[in-house]
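Let me begin by presenting the structure, written as structure tokens, before commenting on it.
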Amino acid sequence: LQSTSTSNWTQPDNVFGTEHLIDAIISCDMDPSMHGPKTDHIPILTILELEAPRIKLEPRCNWREVNWEAFDRHLRSLITTTPAQPLASKEEFQCTASRLTQSITNTINTHIPFSKPCPHSKQWWTHQLTNLRDHVTELSHLSHQMRGLPQHTCHKELKATKNLY
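Next up, the structure:
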């Protein structure tokens, strides 16, 4: 900082950060060449070495992209190949349950696409939230256009949609 009355340079004593950032500082320097016109500040250039946490994500079933008609047809074809019959013993029940589980697993592996999400993606974000965000944006523009009419219904609709979003 440069004092306006004496033109002397002073040092600011306020630091914004936390103790755990001390080890992450690569360099901290001033650049007087970037001193703006009629300003009393010189930019302080700080370079930090920060690592974004990465999560190892395994490919998983993408249930949103399923062709449910094909899935249903395939599963029905596997299940109906064996006729229904009463289960008389525990072994027959276990065998039938195992075949059913195998049929479901086979259908999932055949018809469910796998996706490998980005390690930085928001796992909780859905297409419904995207659509809702777009709707809030549209209503916000309309509400801004109708700002001169405070009783217009778009203002109430915007508030309700924002609360839902």
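Using this note's numbering, the letters of the sequence shown correspond one by one to residues 1496 to 1660. Glycine included, every Cβ here is placed at the ideal spot set by N, Cα and C.
For the options Leu1552, Pro1578, Met1529, the alpha carbon positioned closest to that of Cys1613 is the one of Leu1552. Cys1523 has its alpha-carbon roughly 19 Å from the corresponding atom of Asp1535. Taken through DSSP and simplified to helix, strand or coil, Arg1555 comes out as strand. Per DSSP, Thr1541 is one residue of the beta strand (DSSP E) stretching across 1539-1543. For Asp1629, the enclosing alpha helix (DSSP H) stretches over residues 1622-1640. The criterion of a C-beta distance shorter than 7 Å is satisfied by Lys1657 and Val1631. In terms of Cβ geometry, Ile1521 and Ile1539 do not form a close pair [threshold 7 Å]. In the DSSP assignment, Ile1520 forms a beta bridge with Leu1543. Here the alpha carbon of His1530 sits roughly 50 Å from the alpha carbon of Gln1646. In the displayed model, Trp1504 falls within a strand according to three-state DSSP. Sorting Asn1604, Arg1568, Gln1506 by C-alpha distance to the C-alpha of Trp1558 places Asn1604 at the top. Cβ-Cβ distances below 8 Å link Val1561 to His1606, Ile1607, Pro1608 in the same chain, with the five nearest sequence neighbours on each side left out; the list follows chain order. Looking only at Ser1584, Thr1575, Ala1583, the smallest Cα-Cα distance to Arg1594 is reached by Thr1575.
For the set Ala1583, Ser1584, Leu1570, Gln1506, the Cα lying nearest the Cα of Thr1596 is the one of Leu1570.
With respect to Ser1638, Cys1649 sits close: the two C-beta atoms are nearer than 7 Å. Take Glu1652, set aside five residues on each side of it, and the residues of its chain with a beta-carbon closer than 7 Å to its own are Leu1634, in chain order.
Using a 10 angstroms sphere on the CB of Ser1598, the tally of other CB atoms reaches 16 or more, which defines it as buried.
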